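Per my numbering, residue 19 is the first one in the sequence shown, and the count goes up by one each step.
Using N, Cα and C, we set each Cβ at its ideal position, and we do this for glycine too.
Remember, predicted model here, so these are calculated numbers, not experimental data.
Notes for the one structure printed next.
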Amino acid sequence: MKEELRAKVEGALRELLEAAGDTDALPDFAIEVPRQKGHGDFSCNAAMLLAKRLRMKPREIADDLKARLGDAGGLASKVEIAGPGFLNITLGSSGWQDLIHDVVRAGNRYGYTAHAGEGEGAAKPKVQVEFVSANPTGPLSTGHGRQGVLGDCIARLLEATGWDVTREYYFNNGGRQMRVLGDSVKARYLEALGLASPPSVAALEDPEKNWLDEVDGLPVAFPKGGYQGDYIADIAVRLREEEGDSLVDEPGDGRFREEAQKVIFADIEGTLKRIGIRFDVYFNERSLYEDGKLDEALADMRAAGLIYDAEGAVWFKATERGLDRDRVVIKSSGEPTYMMPDIAYHRDKFRRGFDRVIDVQGADHIEQFPFVREAIGVLGVDNDRVELVMHQFVTITSGGERVKQSTRKATFVTIDELVDDVGCDVFRFFMIERKPDGHLDFDLDLAKDKNWRKNPAYYVQYAHARTFGIERKAKEAGIEMPTAGGFNAGRLVLDSEIELVKKLTSFPEVIQRATDTREPHHVAYYLRDVAGLWNPYLQDGENHRVLSDDAELSSARLGLALAVRNVLASGLDLLGVSAPEQM
Numbered sequence: 019m020k021e022e023l024r025a026k027v028e029g030a031l032r033e034l035l036e037a038a039g040d041t042d043a044l045p046d047f048a049i050e051v052p053r054q055k056g057h058g059d060f061s062c063n064a065a066m067l068l069a070k071r072l073r074m075k076p077r078e079i080a081d082d083l084k085a086r087l088g089d090a091g092g093l094a095s096k097v098e099i100a101g102p103g104f105l106n107i108t109l110g111s112s113g114w115q116d117l118i119h120d121v122v123r124a125g126n127r128y129g130y131t132a133h134a135g136e137g138e139g140a141a142k143p144k145v146q147v148e149f150v151s152a153n154p155t156g157p158l159s160t161g162h163g164r165q166g167v168l169g170d171c172i173a174r175l176l177e178a179t180g181w182d183v184t185r186e187y188y189f190n191n192g193g194r195q196m197r198v199l200g201d202s203v204k205a206r207y208l209e210a211l212g213l214a215s216p217p218s219v220a221a222l223e224d225p226e227k228n229w230l231d232e233v234d235g236l237p238v239a240f241p242k243g244g245y246q247g248d249y250i251a252d253i254a255v256r257l258r259e260e261e262g263d264s265l266v267d268e269p270g271d272g273r274f275r276e277e278a279q280k281v282i283f284a285d286i287e288g289t290l291k292r293i294g295i296r297f298d299v300y301f302n303e304r305s306l307y308e309d310g311k312l313d314e315a316l317a318d319m320r321a322a323g324l325i326y327d328a329e330g331a332v333w334f335k336a337t338e339r340g341l342d343r344d345r346v347v348i349k350s351s352g353e354p355t356y357m358m359p360d361i362a363y364h365r366d367k368f369r370r371g372f373d374r375v376i377d378v379q380g381a382d383h384i385e386q387f388p389f390v391r392e393a394i395g396v397l398g399v400d401n402d403r404v405e406l407v408m409h410q411f412v413t414i415t416s417g418g419e420r421v422k423q424s425t426r427k428a429t430f431v432t433i434d435e436l437v438d439d440v441g442c443d444v445f446r447f448f449m450i451e452r453k454p455d456g457h458l459d460f461d462l463d464l465a466k467d468k469n470w471r472k473n474p475a476y477y478v479q480y481a482h483a484r485t486f487g488i489e490r491k492a493k494e495a496g497i498e499m500p501t502a503g504g505f506n507a508g509r510l511v512l513d514s515e516i517e518l519v520k521k522l523t524s525f526p527e528v529i530q531r532a533t534d535t536r537e538p539h540h541v542a543y544y545l546r547d548v549a550g551l552w553n554p555y556l557q558d559g560e561n562h563r564v565l566s567d568d569a570e571l572s573s574a575r576l577g578l579a580l581a582v583r584n585v586l587a588s589g590l591d592l593l594g595v596s597a598p599e600q601m
């Protein structure tokens with residue numbers, strides 16, 4: 019509808035400009051939904067954009083444009099001039115009603131589009147979405163959960179708008195973190211054999227404690243900064259059961275690290291599968307070293323004059339790229355900082371042929387991203403094609419109090435524990451309901467509430483399930499569900515019905531906005547709005563009875579139910595949430 023109206027306004031503008039002897043291009047005007055209902059269905063700012071160009075008052079231009087637009091080829095029932103020169107346009111009911119057939123015809127793919135730059139037979143543009151990317155050192159936290167759902171929903175939106183999407187997970191199973199992991203497992207293994215004592219809570223909290231003390235005559239073998247979750251002890255006990263005391267002289271960075279990595283990464287994959295997240299590529303940071311890509315990137319940066327040596331370290335001359343300070347890329351120990359493999363990795367992404375790269379990361383990565391982005395610009399990458407979607411942290415509350423830690427798996431609440439409590443659908447819906455760069459307060463009590471009127475995930479799902487309930491009642495009465503074009507949408511004349519149709523037919527624009535802004539929460543908000551119109555509509559059985567003695571009206575309202583079903587199913591799928599037929 020918006021596209022049709024835009025075409026009519028463009029025609030009126032061309033007539034207006036030709037009459038003024040102006041042959042330049044049309045202004046890039048906007049047609050938007052006004053915030054206030056009384057201002058019509060759409061508002062156009064074209065007149066104000068032409069005021070300086072035509073040396074006329076905006077309202078005079080708007081008056082001329084209004085006359086030329088007329089009823090917009092039968093689309094508009096009213097056109098008014100408001101404020102400094104806005105055209106407020108109200109569409110006739112018939113225009114909206116006719117669109118309901120498109121919604122029914124499209125099925126649960128309604129709102130999906132081809133990519134704007136995609137020509138006849140052309141390949142889809144390629145985009146890589148990298149997210150989660152947790153190293154295999156422990157269970158996934160709720161922060162990883164938010165990032166996982168956010169990245170997955172962004173990928174789904176991109177696919178729905180015509181992109182060829184690759185989901186990628188980047189991890190490192192080497193380096194200091196993994197050495198500490200292996201040492202932590204060995205420490206618990208020695209404890210399980212009775213060859214070491216567990217450290218006190220005070221020792222664990224003291225960053226200086228590391229293989230130093232004795233308790234009851236036994237050494238405390240826990241490493242500085244070691245991993246403390248019960249999952250570490252579980253791995254150690256299993257090794258004791260399988261290997262006895264044969265691993266006492268094995269270094270932590272050997273069998274212990276390997277076993278921990280295998281167990282933990284399998285756990286991570288299982289968790290992600292449980293919440294409906296898959297990856298096309300698992301990229302190991304170590305391959306950058308083994309394949310020489312890190313050394314190559316460093317050499318190319320040096321050749322470009324943006325690398326220098328100082329204080330025994332190697333520095334990226336970031337100030338010459340407009341950043342506030344230079345950054346170390348190779349420590350004095352010879353070990354790269356986190357930044358150098360990130361630089362080589364992002365260069366590799368574009369070498370694999372992606373047209374765009376999207377990094378979904380937590381707020382703790384925001385400081386490093388500009389440096390990586392500028393560095394790959396030095397290496398010949400168009401860094402305008404890489405973007406960061408940053409999300410803030412997650413707080414879980416229950417009874418008005420913050421839930422501080424897990425009771426079993428780790429020193430934080432894990433995804434699995436939360437999904438055990440609330441289920442996958444509620445977990446995903448709650449994780450995507452807020453704007454990514456805003457803090458997310460996960461209300462555990464609300465998430466566990468099974469009342470569909472209170473829980474927003476169930477509220478939307480119930481609205482979808484009710485369309486199937488209506489269909490079952492129709493079949494019991496011997497009434498077939500209509501096909502697209504097989505019902506008279508003109509019978510949908512109530513204000514509540516027209517409002518529903520308007521909301522349903524705006525879904526393609528919602529999808530595009532959510533995709534362009536990388537903000538899937540727009541879809542969640544929209545689905546709640548649709549449910550907020552549909553559920554009350556059905557509650558008012560006296561005025562909105564779907565099945566009645568009026569066969570034509572019944573068919574039209576069944577068509578409306580199908581349209582609601584399609585939009586809700588499409589939106590829920592974009593969020594990775596199921597669309598149940600019964601609840």
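Item, Value
"On the three-state DSSP scale, how would you describe A18?", "Here the chain comprises residues numbered 19 to 601, so residue 18 is not present and cannot be evaluated."
"For A569, count neighbouring Cβ atoms within 10 angstroms of its own Cβ and tell me buried if that reaches 16, exposed if not.", "exposed"
"Enumerate in chain order the residues of its own chain whose CB-to-CB distance from R426 is below 8 Å, with the five nearest sequence positions on each side excluded.", "Because R426 sits at a pLDDT of 45, beneath the cut-off of 50, its placement in the model cannot be relied upon, and the point is left open."
"Looking at the secondary structure, which residues open and close the alpha helix (DSSP H) in which Q195 lies?", "G193 to A210"
"Straight-line CA distance for I529 to L545?", "11 Å"
"In terms of DSSP beta bridges, what is S416 paired with?", "E419"
"Could one say the Cβ of N506 lies closer than 8 Å to chain D's Cβ atoms, at least one of them?", "In the displayed structure, chain D is absent; only one protein chain is listed."
"I need the DSSP call for S282, collapsed to helix, strand or coil.", "Position check: residue 282 holds Ile in this sequence, whereas Ser was assumed. If DSSP states are grouped into helix, strand and coil, I282 belongs with the helices."
"Does the separation of the CB atoms of D81 and I107 fall below 8 Å?", "no"
"Given a threshold of 16 other Cβ atoms within 10 Å of its Cβ, counted over all protein chains shown, does F411 qualify as buried or as exposed?", "exposed"
"Give me the Cα-Cα distance between F301 and G456, rounded to the nearest whole angstrom.", "29 Å"
"Are L462 and T533 close, meaning C-beta to C-beta below 8 Å?", "no"
"Go through its chain and collect everything with a Cβ distance to S573's Cβ below 6 Å, but skip five positions before and after it.", "P500 and F505"
"When you compare each of M74, S61 and R73 to K96 by their alpha carbons, which one comes out closest?", "S61"
"In the DSSP assignment, find the alpha helix (DSSP H) that holds E22 and state where it starts and stops.", "K20 to A37"
"Using the C-alpha atoms, what's the distance from F445 back to L556?", "27 Å"
"Residues in its own chain within less than 8 Å of L168 by CB, not counting five upstream and five downstream?", "F149, V378, V407, H409, M449, I450, P454 and P538"
"Tell me, to the nearest whole angstrom, how far the beta carbon of I118 is from that of L592; I am working on the premise that it is less than 8 Å.", "In fact, because the Cβ distance is near 21 Å, the residues do not count as touching under 8 Å."
"Using the three-state DSSP reduction, which class does P409 fall into: helix, strand or coil?", "Reading the sequence as shown, one finds His at residue 409 and not Pro. It is a strand residue."
"Three-state secondary structure (DSSP) at E353?", "coil"
"Decide if S159 is buried, meaning its Cβ has at least 16 other Cβ atoms within 10 Å, or exposed.", "buried"
"Here's the rule I'm using: 16 or more other beta-carbon atoms within 10 Å means buried, otherwise exposed. How should L176 be labelled?", "buried"
"In chain order, what residues of the same chain have a beta carbon less than 8 Å from the beta carbon of G388, not counting five sequence neighbours either side?", "First, the residue type needs correcting, since residue 388 is Pro and not Gly in the sequence shown. Hits under 8 Å: L341."
"Rounded to the nearest angstrom, how far is the Cβ of S215 from that of G244, given a contact under 8 Å?", "No, S215 and G244 are not in contact; Cβ-Cβ is about 14 Å, not under 8 Å."
"Let's see if you can read the secondary structure: which residues bound the beta strand (DSSP E) around N506?", "Where N506 is concerned, there is no enclosing beta strand (DSSP E), given that its DSSP letter is neither H nor E."
"Which value, in whole angstroms, describes the spacing of the CA atoms of L257 and P154?", "18 Å"
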